[in-house]
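All residue numbers for the sequence shown refer to my numbering, where the first residue is 20 and numbers rise by one.
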Amino acid sequence: MTTALALAAPELLLARLCRPRPVADPYPLYEQLRAAGPVVALDGEDSPVAVVTGYAECAKALRDNRFAALGPDYHDTRDPAWRAHPYSRAAFGSLLLRDGALHAARRGVVSRFFTPRRVAGLRDGLVEMLEPVLDRMAARADADGAVDLHAELAMPFAARVLCRLLGVPDEEADALAPLMRDMSAVYEFALTETQWRRALDAGAAAGERLRRLAAQRRARPGDDVVSALVAAHGPDDEVLAGELALLMAAGFDSPASLTGLGLRLLLAHPDQAAALREDPALGAAATEEVLRADPPVQVLPRIITDPVELGERGLAPGTLVLLVTAAANRDPSVVAAPERFDIRRTQPAGLGFGGGIHYCLGAAVGRLQGEVLFPRVLRRFPRLALAAPPAFRAPGTIFRGVDRMPVRLY
Numbered sequence: 020m021t022t023a024l025a026l027a028a029p030e031l032l033l034a035r036l037c038r039p040r041p042v043a044d045p046y047p048l049y050e051q052l053r054a055a056g057p058v059v060a061l062d063g064e065d066s067p068v069a070v071v072t073g074y075a076e077c078a079k080a081l082r083d084n085r086f087a088a089l090g091p092d093y094h095d096t097r098d099p100a101w102r103a104h105p106y107s108r109a110a111f112g113s114l115l116l117r118d119g120a121l122h123a124a125r126r127g128v129v130s131r132f133f134t135p136r137r138v139a140g141l142r143d144g145l146v147e148m149l150e151p152v153l154d155r156m157a158a159r160a161d162a163d164g165a166v167d168l169h170a171e172l173a174m175p176f177a178a179r180v181l182c183r184l185l186g187v188p189d190e191e192a193d194a195l196a197p198l199m200r201d202m203s204a205v206y207e208f209a210l211t212e213t214q215w216r217r218a219l220d221a222g223a224a225a226g227e228r229l230r231r232l233a234a235q236r237r238a239r240p241g242d243d244v245v246s247a248l249v250a251a252h253g254p255d256d257e258v259l260a261g262e263l264a265l266l267m268a269a270g271f272d273s274p275a276s277l278t279g280l281g282l283r284l285l286l287a288h289p290d291q292a293a294a295l296r297e298d299p300a301l302g303a304a305a306t307e308e309v310l311r312a313d314p315p316v317q318v319l320p321r322i323i324t325d326p327v328e329l330g331e332r333g334l335a336p337g338t339l340v341l342l343v344t345a346a347a348n349r350d351p352s353v354v355a356a357p358e359r360f361d362i363r364r365t366q367p368a369g370l371g372f373g374g375g376i377h378y379c380l381g382a383a384v385g386r387l388q389g390e391v392l393f394p395r396v397l398r399r400f401p402r403l404a405l406a407a408p409p410a411f412r413a414p415g416t417i418f419r420g421v422d423r424m425p426v427r428l429y
């Protein structure tokens, strides 16, 4: 599942990013890629490759339908073996990797559950879900107050929120959390065989739970996302499985990573943490700055369907385009002092949740989770500090997050 690249200078930089190992700090590599231009054309083994680091260029590409998702046809040309496993069939057939009328129809089934009014109504419920998680984290800390914030806060809180949205009982959240984390790797760009199998196994295990949930909703439908999907797709279990798998993988992974990455930034910048602790109303702005400075989604891959020009470069059909939105968020031509973490920053709008027809459906929910969580954690644990450097996830080309984050609560 790895795209091999010829190793010239920019190609070598990209190859250092597109590998199945943790990348503790990808941003110096992004800056070196940016130095070669906002759009860099490379020779890939299977097709031309373009790497985009400019903010204007990424924003334009996200709104242009000629930059299509990497759907089933793309994966057939790279590794048709993906069709042999139920979870990879479900994941690669989901609306995330579809375009046009099919994408619009599938997105429309669940979009009503993510309207601004509906999301705003979740605030009190998020607070209600967060407090027991914080209580449990405090209880599980050792005598020195040491605990793994990723395992005891980021994972369980994100799982509880998603399970509540899907109508999954709260008691299943802890069991689903590691499965949802592992299954999201199926969308990664560079995987070892072991990582690929782990993602498939996690997807299969989660799929068993999803099938039971779908059967329950067929018998007793409710006003929830799963019931809407069951009603829309009827007996087509593979389509239903794909949409549910996407909701579980994407709806869990980004919020869980946002928690770890955001608290890491805040703890590394005590003045910003103090400002947020003093004024919780800065929670929304702090979340936006986390999404700009170190977002959970780093790269959005696309494939060119028709000739197009981007950044004064012509791109031919079949070109694989890597929109490095994490680099675009630090483009010095549009962001003043982009390396500075400033929770009072107001411009520009970041690309942390993508854009265009594939703009993240759960963006408002993810933002609200950060807005609720960051100030409450800092106020509940005013002496919260990193106990050791965090360990980052692998692979980590498209998605970024921590796998372990040792902290001291007091």
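Beta carbons: idealized from backbone N, C-alpha and C, even for Gly.
These numbers come from a predicted model, not from an experiment.
How long is the line joining the alpha carbons of residue i and residue j, rounded to whole angstroms?
{"i": "Ala75", "j": "Ala347", "result": "8 Å"}
{"i": "Phe400", "j": "Ala233", "result": "40 Å"}
{"i": "Asp95", "j": "Met174", "result": "33 Å"}
{"i": "Ala23", "j": "Ala34", "result": "With a pLDDT of only 41 at Ala23, under 50, the local geometry of the prediction cannot be trusted, and the value read off the model is given with reservation. Taking the straight line from one Cα to the other gives about 8 Å."}
{"i": "Phe393", "j": "Asp298", "result": "11 Å"}
{"i": "Arg423", "j": "Pro326", "result": "44 Å"}
{"i": "Arg159", "j": "Met199", "result": "23 Å"}
{"i": "Leu342", "j": "Arg296", "result": "34 Å"}
{"i": "Ser246", "j": "Gly253", "result": "10 Å"}
{"i": "Val58", "j": "Gly186", "result": "43 Å"}
{"i": "Pro314", "j": "Ala345", "result": "6 Å"}
{"i": "Val205", "j": "Val391", "result": "29 Å"}
{"i": "Pro414", "j": "Glu328", "result": "31 Å"}
{"i": "Pro99", "j": "Ala109", "result": "14 Å"}
{"i": "Ala123", "j": "Leu114", "result": "8 Å"}
{"i": "His104", "j": "Gly222", "result": "10 Å"}
{"i": "Gly241", "j": "Leu428", "result": "40 Å"}
{"i": "Pro188", "j": "Glu331", "result": "52 Å"}
{"i": "Ala225", "j": "Ala196", "result": "10 Å"}
{"i": "Pro289", "j": "Ala382", "result": "27 Å"}
{"i": "Arg239", "j": "Leu248", "result": "13 Å"}
{"i": "Ala60", "j": "Arg97", "result": "20 Å"}
{"i": "Glu30", "j": "Glu191", "result": "44 Å"}
{"i": "Ala335", "j": "Arg38", "result": "26 Å"}
{"i": "Gly164", "j": "Pro41", "result": "27 Å"}
{"i": "His169", "j": "Pro425", "result": "8 Å"}
{"i": "Met156", "j": "Arg311", "result": "28 Å"}
{"i": "Ala407", "j": "Ala162", "result": "17 Å"}
{"i": "Ser107", "j": "Cys182", "result": "22 Å"}
{"i": "Ala55", "j": "Val70", "result": "10 Å"}
Within 10 Å of its beta-carbon, does residue i have 16 or more other beta-carbons around it, so buried, or fewer, so exposed?
{"i": "Asp92", "result": "exposed"}
{"i": "Gly420", "result": "buried"}
{"i": "Val49", "result": "This sequence places Tyr at residue 49; Val is not what is there. Buried, by the Cβ-count rule."}
{"i": "Gln291", "result": "buried"}
{"i": "Ser352", "result": "exposed"}
{"i": "Gln8", "result": "Nothing about residue 8 can be read from this structure; the chain reaches only from 20 to 429."}
{"i": "Asp272", "result": "buried"}
{"i": "Arg402", "result": "exposed"}
{"i": "Arg167", "result": "With the sequence shown as reference, residue 167 is identified as Asp, and Arg is not the correct amino acid for it. Buried."}
{"i": "Glu212", "result": "exposed"}
{"i": "Ala250", "result": "exposed"}
{"i": "Arg179", "result": "buried"}
{"i": "Glu147", "result": "exposed"}
{"i": "Arg349", "result": "buried"}
{"i": "Ala305", "result": "buried"}
{"i": "Leu32", "result": "buried"}
{"i": "Gly333", "result": "exposed"}
{"i": "Met20", "result": "Caution applies to Met20, whose pLDDT of 46 falls short of 50 and renders its modelled position unreliable; the model cannot decide the point."}
{"i": "Glu207", "result": "buried"}
Roughly how far, in whole angstroms, is the beta-carbon of residue i from the beta-carbon of residue j, given that I think they are within contact range, below 8 Å?
{"i": "Pro45", "j": "Gln317", "result": "7 Å"}
{"i": "Val309", "j": "Leu280", "result": "6 Å"}
{"i": "Leu397", "j": "Leu285", "result": "7 Å"}
{"i": "Arg217", "j": "Asp193", "result": "Actually they do not touch by this definition, with Cβ atoms about 19 Å apart."}
{"i": "Arg321", "j": "Ala80", "result": "7 Å"}
{"i": "His307", "j": "Arg125", "result": "The question names His, but residue 307 is Glu in the sequence shown. The pair is not a contact, with the Cβ atoms about 28 Å apart (cut-off 8 Å)."}
{"i": "Ala78", "j": "Gly374", "result": "6 Å"}
{"i": "Gly127", "j": "Val258", "result": "With a Cβ gap of about 14 Å, Gly127 and Val258 do not count as contacting."}
{"i": "Arg85", "j": "Thr72", "result": "At roughly 19 Å, the Cβ-Cβ gap does not stay under 8 Å, so Arg85 and Thr72 are not in contact."}
{"i": "Ala268", "j": "Thr416", "result": "Their Cβ separation, rounded to whole angstroms, is 16 Å, which puts Ala268 and Thr416 out of contact at 8 Å."}
Is there at least one non-hydrogen atom of the ligand FAD closer than 7 Å to the beta-carbon of residue i?
{"i": "Gly279", "result": "What this structure holds is no ligand at all, so the ligand FAD is not there to describe."}
Inset, instruction - Identify every run of the beta strand (DSSP E) within the segment 311-351, keeping only runs that are complete inside it and at least 3 residues long; order them along the chain. - result: 319-323, 327-329, 332-334 and 339-342
Legend entry - Segment contact, 8 Å Cβ cut-off, at least three pairs: the segment 221-232 with the segment 137-144: no
Legend entry - In chain order, each alpha helix (DSSP H) run of at least 4 residues that lies wholly inside the segment 244-309: 244-252, 256-287 and 289-297
Legend entry - Secondary structure, alpha helix (DSSP H): runs of 4+ residues fully inside the segment 112-144: 119-130 and 135-139
Inset, instruction - May I ask you to verify whether the segment 357-372 touches the segment 61-70, counting CB pairs closer than 8 Å and requiring at least 3? - result: no
Legend entry - Ranges of the beta strand (DSSP E) found wholly within the segment 137-197, counting only runs of at least 3: 165-167
Legend entry - Ordered list of alpha helix (DSSP H) runs contained in the segment 64-116, each at least 4 residues: 74-82, 91-97 and 105-111
Inset, instruction - Output the residue ranges of the beta strand (DSSP E) runs that lie fully inside the segment 372-422 and measure 3 residues or longer, sorted by chain position. - result: none
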